[in-house]
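First up is the structure itself, then whatever we jot down about it.
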Amino acid sequence: MEKPTSPIRLSVAYSFEPGLIEQLSNIPAVKEVYGKLPNDRIGGGRSSYSMRPLLPGALKKAVKLSHDRGIEFNYLLNAAALYGLEQTKSGQKILRKAIDAVVECGVDAVTVSLPLLLKIVKKQYPKLRVRVGVFAQVDTAEKAKQWENLGADTICLSAIACNRDFDRLSMIRNSVKCGLQLIVNASCTPQCAWENTHMHLLTQSSAKGTKNGRFLIDYCFVACSLRKLTEPAAYIKSIWIRPEDLSLYAELGYTDFKIVERSSPAQLIVSRAKAYGNGSFNGNLWELIAPVALIKKEQKVPWWQMAHMFALILRPWYVPIASMLRMKRFAEEVIPHEFRDALAPVFIDNQALNGFLQGIPQDKCRAALCKSCGYCDDWSKKAVKINDVWNDKNKKSGEELFSQYADGSFWNIG
Numbered sequence: 000m001e002k003p004t005s006p007i008r009l010s011v012a013y014s015f016e017p018g019l020i021e022q023l024s025n026i027p028a029v030k031e032v033y034g035k036l037p038n039d040r041i042g043g044g045r046s047s048y049s050m051r052p053l054l055p056g057a058l059k060k061a062v063k064l065s066h067d068r069g070i071e072f073n074y075l076l077n078a079a080a081l082y083g084l085e086q087t088k089s090g091q092k093i094l095r096k097a098i099d100a101v102v103e104c105g106v107d108a109v110t111v112s113l114p115l116l117l118k119i120v121k122k123q124y125p126k127l128r129v130r131v132g133v134f135a136q137v138d139t140a141e142k143a144k145q146w147e148n149l150g151a152d153t154i155c156l157s158a159i160a161c162n163r164d165f166d167r168l169s170m171i172r173n174s175v176k177c178g179l180q181l182i183v184n185a186s187c188t189p190q191c192a193w194e195n196t197h198m199h200l201l202t203q204s205s206a207k208g209t210k211n212g213r214f215l216i217d218y219c220f221v222a223c224s225l226r227k228l229t230e231p232a233a234y235i236k237s238i239w240i241r242p243e244d245l246s247l248y249a250e251l252g253y254t255d256f257k258i259v260e261r262s263s264p265a266q267l268i269v270s271r272a273k274a275y276g277n278g279s280f281n282g283n284l285w286e287l288i289a290p291v292a293l294i295k296k297e298q299k300v301p302w303w304q305m306a307h308m309f310a311l312i313l314r315p316w317y318v319p320i321a322s323m324l325r326m327k328r329f330a331e332e333v334i335p336h337e338f339r340d341a342l343a344p345v346f347i348d349n350q351a352l353n354g355f356l357q358g359i360p361q362d363k364c365r366a367a368l369c370k371s372c373g374y375c376d377d378w379s380k381k382a383v384k385i386n387d388v389w390n391d392k393n394k395k396s397g398e399e400l401f402s403q404y405a406d407g408s409f410w411n412i413g
């Protein structure tokens with residue numbers, strides 16, 4: 000039976016968890032899933048340790064299952080850089096082999112973030128649709144036009160720069176004919192100094208053949224978490240879009256939206272897709288936008304996935320095990336798995352945010368005049384509830400980690 004049509008098009012994270020495709024196929028707005036193997040030679044936007052290890056043939060099976068359910072599959076080739084791989088004959092052969100393997104699985108589209116990679120795909124695989132990923136940081140009409148001229152079919156705009164800037168969104172939409180997409184449920188904060196660094200860390204920790212063998216110390220995640228632990232209004236300043244506000248973006252010509260994250264439990268991915276597909280959500284907004292990864296026993300993570308994670312993060316020849324375990328404990332504390340009002344350490348009342356987006360003072364946001372504005376601080380007092388004991392404990396832990404990064408004691412040097 001053909002699914003009912005929906006004016007909203009959702010591209011949803013795929014974690015390769017059994018049953019996920021079947022559940023997503025019951026949501027009319029879901030037109031595409033996007034995913035990636037835990038590692039390949041190109042790398043992408045999630046570290047290998049946070050992803051499910053897969054058996055050979057998993058991608059081909061996932062693509063077929065998607066097509067059987069009327070859903071397209073987009074494979075991520077969204078590395079922030081290739082670190083010289085593209086500059087040599089042997090490297091070019093590696094790239095072509097990696098892309099060939101993906102194309103042979105029958106994917107409908109790929110996402111890239113590098114201009115040369117876009118040109119290669121369009122030249123060698125002309126029937127393949129290509130989306131430009133958020134790592135390309137497309138945030139102006141001129142950049143969008145350049146990517147369109149390179150052959151992009153769709154561009155996912157920089158959420159950090161664009162999601163709250165309606166004038167910018169209008170100018171970009173009016174400048175190109177290609178498709179445009181927005182990430183709706185990211186919790187990044189605007190004007191983030193760690194953005195580029197984080198993109199490269201994630202790429203290097205998900206690509207085969209890198210110097211450190213996909214090992215990662217995600218100090219950018221610690222920095223982002225610490226900002227929210229220090230400044231509660233940062234939860235409101237983050238660049239999310241509520242399900243209820245999708246219509247405001249549709250009025251500007253944006254109807255293609257992307258839901259993250261691939262490292263989330265399947266049921267959470269489904270809940271997020273349902274909320275955005277319905278255009279409404281009654282509950283803790285943090286459930287829709289928080290960075291989530293399957294790293295805790297409470298999440299019923301399979302033992303073999305936990306073993307895979309430990310094998311990638313415990314490298315005593317790089318970092319003392321005690322230091323990595325301290326960082327793991329911090330991540331387990333601040334990455335949420337409980338969202339109910341009475342139990343969640345962070346509760347953002349979604350319904351209390353009605354009218355928030357429409358009233359944002361665009362000029363002050365653009366000039367980053369937060370301290371002289373106070374708009375988000377006022378909304379934070381109305382909508383955000385934080386467990387002070389939890390907050391103070393983890394703020395102290397985050398500050399200690401950063402002190403150890405700076406003085407070298409995290410590595411037992413200095």
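For the sequence shown, numbering that gives the first Met the number 0 assigns the number 0 to the initial residue and increments by one for each residue that follows.
Note that the Cβ used here is the ideal one computed from N, Cα and C, for glycine as well.
Item, Value
"Buried versus exposed call for G56 [16 or more other C-beta atoms within 10 Å across all chains shown]", "exposed"
"The stretch 211-231 touching the stretch 82-92, judged by at least three CB pairs closer than 8 angstroms", "no"
"Supposed close pair L356, D244 - CB separation, criterion 8 angstroms", "5 angstroms"
"Spatial neighbours of P3 in its chain, beta-carbon cut-off 6 angstroms, leaving aside the 5 residues before and after", "Bear in mind that the predicted position of P3 carries a pLDDT of just 41, short of 50, making it unreliable; the figure below should be weighed with that in mind. So the list reads P27, once near-sequence residues are dropped."
"Nearest to T110 (by Cα), restricted to the options A185, G83, V32, C161", "V32"
"Residues of its chain near M308, where Cβ-Cβ distance is below 6 angstroms and the 5 sequence neighbours each way are ignored", "Y48"
"Cβ neighbours of E1 in the same chain (closer than 8 angstroms, five flanking residues each side left out)", "Unreliable positioning characterises E1 in this predicted model, as indicated by a pLDDT of 39, which lies under 50. A coordinate reading is not provided."
"Pair within 7 angstroms by beta-carbon distance, I119 and V183", "no"
"Segment limits, beta strand (DSSP E) that includes Q180", "178-182"
"The stretch 174-183 / the stretch 194-201 touching (three or more Cβ pairs under 8 angstroms)", "no"
"M0 in three-state terms, based on DSSP", "Because the pLDDT at M0 is just 29, under 50, the model does not fix this residue reliably, and the point stays unresolved."
"Cα-Cα separation between I334 and D406, rounded to whole angstroms", "26 angstroms"
"Reduced DSSP category for A206 - H, G, I as helix; E, B as strand; rest coil", "strand"
"N-terminal and C-terminal residue of the beta strand (DSSP E) that N73 is part of", "71-76"
"Inter-residue CB distance, L313 and I320 (contact presumed, cutoff 8 angstroms)", "6 angstroms"
"Every unbroken alpha helix (DSSP H) within the stretch 1-52, with a cutoff of 4 residues, ordered by chain", "19-23"
"Check whether A306 and E16 have beta carbons under 7 angstroms apart", "no"
"Residue range of the unbroken alpha helix (DSSP H) whose run includes F442", "As displayed, the chain neither begins before 0 nor continues past 413, which places residue 442 out of reach and without an answer."
"Range covered by the alpha helix (DSSP H) that runs through I288", "285-288"
"Assigned exposure category for Q136 - 16 Cβ within 10 Å defines buried", "buried"
"Beta bridge counterpart(s) of I258 as assigned by DSSP", "V11"
"Three-way DSSP call (helix, strand, coil) for I359 in this model", "coil"
"Three or more C-beta pairs below 8 angstroms linking the stretch 93-113 and the stretch 218-236", "no"
"N-terminal and C-terminal residue of the beta strand (DSSP E) that V101 is part of", "Counting along the chain, V101 falls outside any beta strand (DSSP E), though it belongs to the alpha helix (DSSP H) covering 88-103."
"Terminal residues of the beta strand (DSSP E) in which V133 lies", "Element bounds for V133: n/a, residue is neither H nor E."
"Helix, strand or coil at D348 [DSSP, three-state]", "strand"
"R328 versus A185, K63, R339, K395, residue with shortest Cα-Cα distance", "K395"
"Contact belief for G43 with S262 at Cβ below 8 angstroms, rounded distance in angstroms", "Actually they are not in contact, since the Cβ atoms of G43 and S262 sit about 12 angstroms apart, beyond 8 angstroms."
"Buried or exposed (CB count within 10 angstroms, at least 16 for buried), R45", "buried"
"Of the listed residues Q22, D348, A100, C223, nearest to W378 (C-alpha basis)", "D348"
"Per-residue DSSP class, three states only, for A192", "coil"
"Where A321 sits in the DSSP three-state scheme", "helix"
"Residue nearest to R8 in terms of C-alpha spacing, selected from G373, R128, E71", "E71"
"Integer Cβ distance of C372 from P360, believed to fall under 8 angstroms", "6 angstroms"
"Pairwise C-alpha distance: M50 and E21", "20 angstroms"
"Helix, strand or coil at C155 [DSSP, three-state]", "strand"
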